[in-house]
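Colleague: Pasting in a structure now, in C-alpha cells, and then I'll have a few things to ask.
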Amino acid sequence: MTLTLEGVAKRVGAEQHLHPLSLELQPGSFNVLLGRTLAGKTTLMRLMAGLDAPTAGRVLENGKDVTGTSVRHRDVAMVYQQFINYPAMTVYENIASPLRRQGKDKAEIDAKVRRTAAMLRITPYLDRLPAELSGGQQQRCAIARALVKGAGLLLLDEPLVNLDYKLREELRAELREIFADGKTTVVYATTEPQEALILGGNVTVLHEGRMLQTGPTGDVFHTPASLECAQVFSDPPMNVVDAILTNDRVALSDGTNLPLSAHDRNLPAGPCKVGIRANHLTVLRRSERLVPIRGKVALSEISGSETFVHLRHGDTTLIAREEGVHSHPIGSDIQVYADPDRIFVFSSAGQLVAAPNWRRSALRNIA
Amino acid sequence: MDKVQDNRAWFLIIPVFLIVAFSAVVPLMTVVNYSVQEIFGPGQTFFVGTEWFEAVLKDDRLHDALVRQIIYSLAVLAIEIPLGILIALGMPGGRSAKTSLTLVLLALPLLIPFNVVGTIWQIFGRGDIGLLGATFRAIGIDYNYTNNSAHAWVTVLVMDVWHWTSLVALLCYAGLQSIPPAFYQAAKIDGASKWAVFRYIQLPKMRGVLIIAVLLRFMDSFMIYTEPFVLTGGGPGNSTTFLSQYLTQMAVGQFDIGKAAAFSIVYFLIVLLFSFIFYTIITRTGEGEKK
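Protein chains in written order, with this note's numbering: chain A, 1 to 367; chain B, 1001 to 1291.
In C-alpha cells:
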C-alpha cells in the first residue's frame, strides 16, 4: 500500500514525542527508520500502525484517510523487539492464527503456513511451543506470523536487537531476500547505521523526535543534510573538527592543513566544520595523498576484525579505523592519515556544504 | 571442574537439620508413636499395632466429614479461582491512586485474624443485630445459620470467599502485570477478541501464579478450622464439621490420643495426595507454557 503521513505529530502531556513530519512510502518499498534510542522510531511506527492516534496531522492508506481508524480495521502486521508469540499455541498454530481470523479454508491455511515456515527455516519446529525454541527461532516464528497475514504494511521494530550477533547477521541477510517479493510496504526500525546500509532501500533518519532526512539509503549516507544526520548515520560517530576554509586549503583547528579536493574547491572562504568518518582516517597510509595527523592513543577498541583507535590531538579526540586486530598502549604516539578527498564540509550551523563525490554503485560494495 | 571434597560443608547444614528436626520430624514422629499405642496415662501405654488406623478408616462420622470437606474445598476453588481472575482482570493498571486504593482494599480481608473473621460473620449474620441477617429477614427469607444446616454451610463458604478471594486476585494481578504491553498490541493488530486475548495470552501467562493460588487455597480450605469453630462450632448437627473440627473433638474433647494421632497421619496423607494430584494436573495441562 501507499502510506502517506501528512504533518503527523505526537504529544504526550507537555512532551513532544514526535514533531510534525510528512512522509510517503511507496507500495512494495523497503523503508528503514534510523535513529538512536528515544529518537521517536517506535512512536512513529505506532502512528503508522494505528495503535496510537496522532495529536496532529493525517495518516492515509492508498489515499484514504485512516487517521482515526482503529488498528483492528487496518491492513497491518508488526514484529517487535521482544519475541511475541502466543505462548499456549504451537508454532504451526501461531503462524496459522492470523489466517484463521481471516476465515481462510483449511487447505489454504496449511499451504501458506508451510510455505512461510519453509521460508523462515522453522519447518522442523512446527509442532513445538514457542517456549521450546531458541530466541532466534522464536523471532522467526513471530516474523512468519506477521508475513503470512499478507498485510499491506509490515512494521518491524528493531526485530533483531535481542538476538546474538551471529543470529542477527544470519537473519538480516535472509530478511532482504524475504522482503524482496515487493508487494508489501515494509518499515524497519533500527539504531544501527550498519543495519540500514545492509538492508538498503530507503532510509528516514530520526533524531529527538524530528525527521532529519529521508531518501534512498545510499544518498542519505553519502550526502547527509546536516551534521546531526551524519552523526546518527555513522558508527563510530563522525569525527568533527572546527576549520577555516581558505582558497587553497582547509585549515583544521588543531593545525592540520588539508589540501582542497574536487568537491570542496570553489567554496566561499570562512569558518566551517569538517566531518571525517572513521574509515577515512586510517592508521595505514594507503596513498601519498593522505595527510598525517600525529596524536596520542586515548583508547583502542576492537570490533569484529577492525580496531578503532581513539586519539587525542591537541584539544580534539579523533577516531581512526584500522584493518585487523591490533593493540595500542594508551598514551603511546600514533600517526593516522586523513583522506582529503573524503571529508564532509558543514557550515558552522551544521548544514551540509560539500560532500565527497561518490558513485551510486559504491553502496552495493559496502553492503 | 574437579569436585572439591570438604567435610566442613556438613557444619553449614547442621542448623537446617536441627530446625527441620525440631519443627517437623520430631513432632511428626511423636504423632506416629501415639498412633500405634493405647494411652491411659503417663507411663501406662500399650502397643496396639494398626488398630487405631483400622478404627479411623471405619469411622462413619469421619467419612461424612471427609466428604463434606472435599465438597467444601472444591466449592472454594470453583468460586475463588474464577472470581479472583475476574477481579484481577478488572483491576486498574499502572501507577495511580486508583491502583493503590484497589490494592489496599483487596488486601484488607487478608490482614484480619481468622477468629476475628469468624466473629465478624457471626454478628453480620445475626437476624436481630446483623446487617446480613436483618437484610434477609427484611426481604422475607428466614435466614438462620445456627439452626439451618444449608444456611450454615453456605455462610461458612461465603465467609471463606470473602476472606480469601483477595489472595487469588492479588496473585493473578501480579501475573497480569508481568505481561509486556507488546503482547496486547500484537493481539490488537491481529484483531484478536477479548476472549482470545484472555485464553491465549493472559491465561497462559498467569499459569505459574494460578498453580500457587490453587494449591494454597486447596490446602488452606482443606484444613479450615478457626472460622467455622467461631461461627457455628461445627453445627448445626454436624453440617459444618470439617476434618479438623472432628480431629480436635477427638483429640481434645474425647482425649482419644491414639485414634486422633492415627487420624492426623491419614489427614496429612490425604492433603499430600490431593496437593500432588492438583499439581500434576495443572502442570500437565499447560506443558510448555512456562514462558
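Yeah, the Cβ is synthetic: ideal placement off N, Cα and C, and Gly gets one too.
Put B/G1090 into one of helix, strand or coil per three-state DSSP.
Modeller: In the second sequence, counting from the first residue as 1, residue 1090 of chain B sits at position 90. Correct three-state label for B/G1090: helix.
Colleague: At a Cβ threshold of 8 angstroms, is B/A1097 touching chain A?
Modeller: Numbered from 1 along the second sequence, position 97 holds the residue referred to as residue 1097 of chain B. It does not: the Cβ of B/A1097 has no partner Cβ on chain A nearer than 8 angstroms.
Colleague: In terms of residue numbering, what span does the beta strand (DSSP E) encompassing A/E15 cover?
Modeller: By one-based count along the first sequence, residue 15 of chain A stands at place 15. A/E15 -> beta strand (DSSP E) spans 15-25.
Colleague: Round the Cβ separation of B/G1068 and B/F1242 to the nearest angstrom and send it over; I've been treating them as touching at under 8 angstroms.
Modeller: Position 68 of the second sequence holds residue 1068 of chain B. Position 242 of the second sequence holds residue 1242 of chain B. This sequence places Arg at residue 1068 of chain B; Gly is not what is there. Indeed they touch by this definition, with Cβ atoms about 6 angstroms apart.
Colleague: Using a Cβ-Cβ cutoff of less than 7 angstroms, which residues in the same chain neighbour B/M1091 once the five nearest sequence positions on both sides are dropped?
Modeller: Here residue 1091 of chain B corresponds to residue number 91 of the second sequence, with the count starting at 1. Excluding positions up to five away in sequence, the list reads T1102, Y1173.
Colleague: Output the boundary residues of the beta strand (DSSP E) element that contains A/K10.
Modeller: Start at 1 with the first residue of the first sequence, and residue 10 of chain A comes out as number 10. Taken as a continuous stretch (DSSP letters only), the beta strand (DSSP E) holding A/K10 covers 3-12.
Colleague: In three-state terms, what does DSSP make of A/S303?
Modeller: Start at 1 with the first residue of the first sequence, and residue 303 of chain A comes out as number 303. Three-state result, A/S303: strand.
Colleague: Using 8 angstroms as the threshold, is the C-beta distance between A/A278 and A/R321 below it?
Modeller: Position 278 of the first sequence holds residue 278 of chain A. Position 321 of the first sequence holds residue 321 of chain A. In contact: A/A278 and A/R321 (Cβ atoms closer than 8 angstroms).
Colleague: Cβ of A/A349 within 8 angstroms of Cβ of A/V291?
Modeller: In the first sequence, counting from the first residue as 1, residue 349 of chain A sits at position 349. In the first sequence, counting from the first residue as 1, residue 291 of chain A sits at position 291. Not in contact: A/A349 and A/V291 (Cβ atoms no closer than 8 angstroms).
Colleague: Looking at C-alpha atoms only, which residue of B/F1222, B/M1206, B/T1285, B/G1233 is the closest neighbour of B/L1086?
Modeller: For the purposes of this step, residue 1086 of chain B is identified with residue 86 of the second sequence, where counting begins at 1. Taking only the C-alpha atoms, the option nearest B/L1086 is B/M1206.
Colleague: Using the Cα positions of B/I1019 and B/F1268, report the straight-line distance between them to the nearest angstrom.
Modeller: Here residue 1019 of chain B refers to the residue found at position 19 when the second sequence is read from its first residue. Here residue 1268 of chain B refers to the residue found at position 268 when the second sequence is read from its first residue. Their Cα atoms are separated by approximately 20 angstroms.
Colleague: So that I know if they touch, is there some Cβ in chain A lying closer than 8 angstroms to that of B/I1201?
Modeller: As a first step, residue 1201 of chain B is located in the second sequence; it is residue number 201 there, counting from the start. Interface residue, yes.
Colleague: Throw me the rounded Cβ distance for the A/F30 and A/V148 pair, which I believe falls under 8 angstroms.
Modeller: To locate residue 30 of chain A, count along the first sequence from 1; it is residue 30. To locate residue 148 of chain A, count along the first sequence from 1; it is residue 148. A/F30 to A/V148, Cβ: 19 angstroms. No contact.
Colleague: Tell me, please, whether the CB atom of A/I84 is closer than 8 angstroms to any CB atom in chain B?
Modeller: If you number the first sequence from 1, residue 84 of chain A lands on position 84. It does; some Cβ of chain B falls within 8 angstroms.
Colleague: Report yes or no: do the stretch 79-88 of chain A and the stretch 150-169 of chain A share at least 3 C-beta pairs separated by less than 8 angstroms?
Modeller: yes
Colleague: Return yes when the Cβ of A/V205 is within less than 8 angstroms of the Cβ of A/G40, no when it is not.
Modeller: Counting from one through the first sequence, the residue named residue 40 of chain A turns up at place 40. Counting from one through the first sequence, the residue named residue 205 of chain A turns up at place 205. No, the pair does not count as a contact, with Cβ atoms beyond the cut-off.
Colleague: Would you kindly report the start and end of the unbroken alpha helix (DSSP H) that includes A/G350?
Modeller: Translated into the one-based positions of the first sequence, residue 350 of chain A becomes position 350. Element bounds for A/G350: n/a, residue is neither H nor E.
Colleague: Measure how close the beta-carbons of A/V353 and B/I1189 come, nearest whole angstrom, since I'm counting them as under 8 angstroms.
Modeller: Residue 353 of chain A sits at position 353 when you count from the first residue of the first sequence. Residue 1189 of chain B sits at position 189 when you count from the first residue of the second sequence. Not quite, the Cβ-Cβ distance comes to about 44 angstroms (not below 8 angstroms), so this is no contact.
Colleague: Can you pull out the residues from the stretch 1177-1191 of chain B whose beta carbon lies closer than 8 angstroms to at least one beta carbon of chain A?
Modeller: P1180, A1182, F1183, Q1185, A1186, K1188, I1189, D1190, G1191
Colleague: At which residue ranges does the stretch 135-186 of chain A contain complete alpha helix (DSSP H) runs of 4 or more residues, listed in the order of the chain?
Modeller: 135-148, 165-178
Colleague: Is the beta carbon of B/F1124 less than 8 angstroms from the beta carbon of B/G1130?
Modeller: Position 124 of the second sequence holds residue 1124 of chain B. Position 130 of the second sequence holds residue 1130 of chain B. Yes, the pair counts as a contact, with Cβ atoms nearer than the cut-off.
Colleague: Compare the C-beta of A/A49 against all C-beta atoms of chain B and say whether one is closer than 8 angstroms.
Modeller: Residue numbering aside, residue 49 of chain A sits at position 49 when the first sequence is read from its first letter. So yes, A/A49 belongs to the interface.
Colleague: State the start and end residues of the unbroken beta strand (DSSP E) segment that holds A/V274.
Modeller: For this step, residue 274 of chain A is matched to residue 274 along the first sequence. Per DSSP, A/V274 belongs to the beta strand (DSSP E) from 270-276.
Colleague: Check whether chain A comes within 8 angstroms of B/K1205, counting only Cβ atoms and requiring the distance to be less than that.
Modeller: Within the second sequence, residue 1205 of chain B is the residue found at index 205, counting from 1. It does; some Cβ of chain A falls within 8 angstroms.
Colleague: According to DSSP, which residues form a beta bridge with A/M78?
Modeller: As a first step, residue 78 of chain A must be located in the first sequence, where it is residue number 78. For A/M78, which the question treats as bridged, DSSP gives the partners A/L155.
Colleague: Just curious, the alpha helix (DSSP H) that B/Q1185 is in, first and last residue?
Modeller: For the purposes of this step, residue 1185 of chain B is taken as residue 185 along the second sequence, with counting starting at 1. B/Q1185 -> alpha helix (DSSP H) spans 1181-1190.
Colleague: Tell me whether A/D242 sits in a helix, a strand or coil according to DSSP, three-state version.
Modeller: By 1-based counting over the first sequence, the position of residue 242 of chain A is 242. DSSP places A/D242 in strand when its eight states are reduced to three.
Colleague: Would you list, in chain order, the members of the stretch 74-108 of chain A that have their beta-carbon closer than 7 angstroms to a beta-carbon of chain B?
Modeller: V76, A77, M78, Y80, Q82, I84, Y86, P87, A88, M89, S97, P98, R101
Colleague: Using a Cβ-Cβ distance cut-off of 8 angstroms, determine whether B/G1288 contacts chain A.
Modeller: In the second sequence, residue 1288 of chain B corresponds to position 288, counting from 1. Its pLDDT being 49, under 50, B/G1288 is placed unreliably in this model, and the coordinates cannot settle the point.
Colleague: Would you please state the rounded distance, in angstroms, between the beta carbons of B/R1217 and B/W1164? I believe it to be under 8 angstroms.
Modeller: Position 217 of the second sequence, counting from 1, holds the residue named residue 1217 of chain B. Position 164 of the second sequence, counting from 1, holds the residue named residue 1164 of chain B. With a Cβ gap of about 6 angstroms, B/R1217 and B/W1164 count as contacting.
Colleague: Taking Cβ-Cβ distances shorter than 9 angstroms, what residues in chain B pair up with A/V71?
Modeller: On the first sequence, position 71 is the one that residue 71 of chain A refers to. Against chain B, a Cβ distance below 9 angstroms from A/V71 picks out Q1185, K1188, I1189, G1191.
Colleague: Please work out which residues of its chain come closer than 8 angstroms, Cβ to Cβ, to A/A88, disregarding the five sequence neighbours upstream and downstream, and give them in chain order.
Modeller: Translated into positions along the first sequence, residue 88 of chain A becomes position 88. Counting only Cβ-Cβ distances below 8 angstroms, and skipping sequence neighbours, we find L129.
Colleague: B/L1215: which of B/K1058, B/I1281, B/F1053 sits nearest, CA to CA?
Modeller: Numbered from its first residue, the second sequence carries residue 1215 of chain B at position 215. Selected option, being the one with the closest Cα: B/I1281.
Colleague: For the candidate residues A/T190, A/K183, A/L21, whose alpha-carbon lies nearest to that of A/G28?
Modeller: Along the first sequence, one-based indexing puts residue 28 of chain A at 28. The shortest C-alpha separation from A/G28 is found at A/K183.
Colleague: Considering just the uninterrupted stretch of the beta strand (DSSP E) at A/R58, what are its terminal residues?
Modeller: Here residue 58 of chain A corresponds to residue number 58 of the first sequence, with the count starting at 1. It spans 56-61 - the beta strand (DSSP E) in which A/R58 sits, taken as one unbroken run.
Colleague: Are the beta-carbon atoms of A/L60 and A/M211 separated by less than 8 angstroms?
Modeller: On the first sequence, position 60 is the one that residue 60 of chain A refers to. On the first sequence, position 211 is the one that residue 211 of chain A refers to. Taking 8 angstroms as the Cβ cut-off, A/L60 and A/M211 do not qualify as a contacting pair.
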